[in-house]
Structures are given as structure tokens and as C-alpha cells.
């Protein structure tokens, strides 16, 4: 799975948990919270969906790594690779 | 209650299995149109149930709907519709002086069952249990969702009162208005119970779950061959105000709360007690300053259980023995048992009678149970009457909670 694929995985999750948001112009380098209406419960939803759908665990200390699409891709890429994805 | 402020209804919003507005609901009650679906209940398969089809996105964002509860959506829809009906200038209302008081039969079963099912897909590992569980299942959830959606900063809570809850919500609101705790109240009853298999299984194993090959005939109170309750979802929320406040803003007054009583059987968890029901109705009449003859419509609680219907009829026969102008009807025969919403919805369906003088019937009676034969029972067809000045709304529930609420046409002495 490429880093771009991982960004799409995260976007697909956000589309589910924040269905009112327009995701067509999300800037990958900008914090998600600064461009979308997401709160702490939403980030917990992202963590839960990564666990449920992909078997990926994100420890609480690493939640900050999910700040932007770019940081998500950097942080999650080795985890997906470790899963053989 | 004469020394206390008079309380009036100035708005109403509802969703019932056969209508998402009072006009639609009322038209179907007068036309004899029941609407009961067959749904697939987890672990149980197809069951008759009353399902509401209101548009939740009318008043909620999709994320609110996803993160909240079904009963939260029902509550928000009803409260928003009630606000529109009331004519209140919402921007000018002091939101800290608004209260939300919603009756519920139960809450949290739906969300808990869903999560138990969810983690069962992951080897019952609780790390898959949603973090939304607690805000979804706290008992104040439906009322709290209303306050968040509408920006209400006054008090909110639910009133757990089994199937007497719809009346209990209205009574609580009237009391809070009389105490001066709030200036405007959103009050009534709500239910999402069709989404919990536990309610179905509980009634089934109690021998009290209604069934019929035609689902619209499954709920048949007072019929000799009735076989139990049809579970439904729904909601009815009213705007209540003190009369003086309503008059000062030129509000349309739908009805006046005249009297009420809530009492307890203190005898059995599920079997009703007609003596306590009789006392409850008589106390409500006394507090309203009325005689039984002053009541023109009795909206019965009857749920189509073998014993419950007879017990209520026994109570009504005692109180209304000499009341030729008192008509008796039942709304669950159309929409099933809307649980926490039942009392509030059943009252709503009768309110237009103050002005159109029609009394909707109880339907689905093919053979009247002789033990349920009441002189004023309106059977299968609506009747036109000369006047309707007062309605008695009965709602009873498990653990022996009885409620009787009397509303009267505004302007009648």
C-alpha cells in the first residue's frame, strides 16, 4: 500500500464518520482539524476504524501523528507494511 | 390547582408510525388507517412493529445522526416541529429559561445491544466497544440531544416512567412551569424501543407479544382474540407555557392542562391494579375540579393484553358508570404501543376533537370482548359528537405506575 493509498484509507474513514464534510479539497499538509469540523471523539473514531477495518493499532501517545493526511501516511505506512498490506 | 398558574399547550410536534405531523396522524385516525410494518428483529426474525419514517436530516446534520441515538433524532424532530408550531420567536427566547422534559420507558437497551453485537464480531474483545457508548446510553440522552441541537441552556432530563412516561413528561413540565423554574417547556414522550430485541423477547416470553398474519391487525385492544402488544417507536413533544405568558405573546392555545395524577399500585411488577387506576383517574378529576360527566373523551391505555385491557375497563366502568356523553377510544389499535411516546402521541391524536368534534375509534375489533364492553366505546368507525370540552388520557406502566392527565379546550370554564 502506497502512502497515497493510506491517505485515501484515512479519507474514506473520515467520509464515514463526518459525512457532512466536503473532502474534495483536503490539503494533505494541513492539520485535519484546521480544515474540517473534527473533534476529539472523531479522532477516536479514526483510531477505532483503523483497528476494526485494518487491524492497525494507534497507541494514545501517537494520536498526534494523525494530525494531517501527510503525517497519517508517514506514521501508518510502516504499520500497513508490517501487516503485509 | 386553582391558586397555581394555569398551563397551556401552544405547540406540538410528533412522529408516529402513521404520520409525521398532527394533520397526517389525525387524518389516518379518522380514516381508520393503521400502519404496522414487519421488521427483522435481531435473534428473533420478522415481527410486527410500528416504524416511523420522518426525515431526520430535516433538523440534524448526518454526523449528529451518526453519533447520536435514534431516540435522540426522534426527539429533535419532534421538538423542532413543536417549536415551529408554537410560533415562538426563537431568536428572542431566553434559552436559559427553557426546559426539556421527556418521558421514556427505557433507554440504552438499543445502544448496548448494538455494541454487544459489534464486539461479538471481534471475539468479544472490548477494545472494539465504541467510545460513543456512554453519551448514547446515559438516561438523559434524548433530552440532552435536544438541548445541544437547539441551543437550550435551561434544565433537561428524562422521566423514566415505563409506559406512563408520555403523560409523566407533560406533568413534570407543567409542575416546573408552575414552580417558575422555566418559562417554556418542551415536554412529552419518546421511544426507540423497536430497535432492541430485548423488549420483543421479554414480551414474547411473557406471552404478551401481539401477532397476526396481517400486521395492521396485530394490535387489537378490546377484541376477544387479542394476543398482545405490538411494539412501536415514535415521539410527541409539546410546547407548554403559563397561560399569562402565552396570552401576552398572542400564542395560539391548543389546549389547557386541567389536572393530573400519578400513583402506584404497589402490588405487582406487571399485572395492573384497577383499584389504583380508579383512584388515579378520580384524583385527576378532583384536581381538575371536574366530574366524570365533564369528560367527553377517554383515551385508553389498553395495549391488547388479555388482562390489562379488562383491568382498565373495570376501572373505567367504575368511574364512568353514569356518563352517557363520555366516549372511549384507543390509538394503539392504529400504531401499536409506542412505549415512552404512547401517552403523548395518544393525547395528540385526540386534541383536534376539541374543534372538529369527531372522535376516532378503536379499530381491529372483530368480536368485542364482553369484559371490555363499555357503553361509550367507539368501535371501528369514528363518531361525530356535539361537543368535546375535556379529554382524559390514561397511561399505565410496569412496576405499577399509573398516570391520568386531563386536558380541556381553552376557554371552557
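Protein chains in written order, with the working numbering: chain A, 1 to 85; chain B, 1 to 413.
Cβ atoms here follow ideal geometry from the backbone N, Cα and C, with glycine treated the same way.
Keep in mind it's a predicted model, so treat the numbers as computed, not measured.
- Distance from the CA of residue 106 (chain B) to the CA of residue 250 (chain B), rounded to the nearest whole angstrom, comes to 37 Å.
- Residue-level contact by beta carbon holds for residue 130 (chain B) and chain A, with a gap shorter than 8 Å.
- Residue pairing by DSSP places residue 384 (chain B) opposite B:358 in a beta bridge.
- At a cut-off of 8 Å between beta-carbon atoms, residue 92 (chain B) makes no contact with chain A.
- When DSSP states are grouped into helix, strand and coil, residue 40 (chain B) belongs to the strand group.
- Within the region 19-50 of chain A, the complete alpha helix (DSSP H) segments of 4 residues or longer fall at 32-35, listed in chain order.
- Against chain B, a Cβ distance below 8 Å from residue 59 (chain A) picks out nothing, because the smallest value is about 12 Å.
- Chain B places a beta carbon closer than 8 Å to that of residue 51 (chain A), counting this residue as a contact.
- Out of B:136, B:113, B:177, B:156, the CA that lies nearest to the CA of residue 201 (chain B) is found in B:113.
- At least one CB of chain A lies nearer than 8 Å to the CB of residue 66 (chain B).
- Proximity of the region 16-35 of chain B to the region 47-64 of chain B meets the contact definition, three or more beta-carbon pairs being nearer than 8 Å.
- For residue 78 (chain B), the enclosing alpha helix (DSSP H) begins and ends at 70-86.
- Residue 266 (chain B) counts as exposed, since fewer than 16 other C-beta atoms from the protein chains shown sit within 10 angstroms of its C-beta.
- Nearest to residue 180 (chain B) by alpha-carbon distance, out of B:240, B:378, B:168, is B:240.
- With respect to the 8 Å criterion, residue 187 (chain B) and residue 284 (chain B) are not classified as neighbours on the basis of their beta carbons.
- Residue 64 (chain A) is classed as exposed because its beta carbon has fewer than 16 other beta carbons within 10 Å across all chains shown.
- In summary, the residues of the region 6-23 of chain A whose CB is separated from some CB of chain B by less than 9 Å are 16, 17, 18, 19, 20, 21, in the order they occur in the chain.
- In summary, residue 68 (chain A) is buried, with 16 or more beta-carbon neighbours lying within 10 Å of its beta-carbon over all protein chains present.
- Linking residue 101 (chain B) to residue 22 (chain B) through their CA atoms gives a straight-line distance of about 20 Å.
- Here residue 163 (chain B) is not near residue 354 (chain B), since their CB atoms are 8 Å or more apart.
- Taking a beta-carbon distance threshold of 8 Å, residue 58 (chain B) does not count as an interface residue toward chain A.
- Between the C-alpha atoms of residue 86 (chain B) and residue 81 (chain A) there is a straight-line separation of about 59 Å.
- Counted as a single uninterrupted DSSP element, the stretch harbouring residue 131 (chain B) is not any alpha helix (DSSP H), since DSSP gives it neither H nor E.
- In the three-state reduction of the DSSP assignment, residue 46 (chain B) falls in the strand class.
- Straight-line spacing of the CA atoms in residue 212 (chain B) and residue 218 (chain B) works out to 5 Å.
- Annotation: the continuous alpha helix (DSSP H) that includes residue 313 (chain B) extends over 306-319.
- Close partners of residue 61 (chain B) in chain A (Cβ separation under 7 Å): 20.
- With its beta carbon at least 8 Å from every one in chain B, residue 1 (chain A) lies outside the interface.
- Using beta-carbon distances, residue 32 (chain A) does not count as an interface residue toward chain B, since no partner is under 8 Å.
- By the neighbour-count definition (other C-beta atoms within 10 Å, threshold 16), residue 356 (chain B) is an exposed residue.
- Considering only B:411, B:381, B:400, B:206, the residue with the shortest C-alpha distance to residue 160 (chain B) is B:400.
- Under the 8 Å criterion on CB atoms, residue 44 (chain A) is classed as interfacial with respect to chain B.
- Among the bridge pairs identified by DSSP, residue 51 (chain B) is matched with none.
- When B:343, B:327, B:182 are compared, the shortest CA-CA separation from residue 236 (chain B) is found for B:343.
- Looking at the DSSP output, residue 209 (chain B) bridges to B:229.
- In the three-state reduction of the DSSP assignment, residue 91 (chain B) falls in the helix class, which pools H, G and I.
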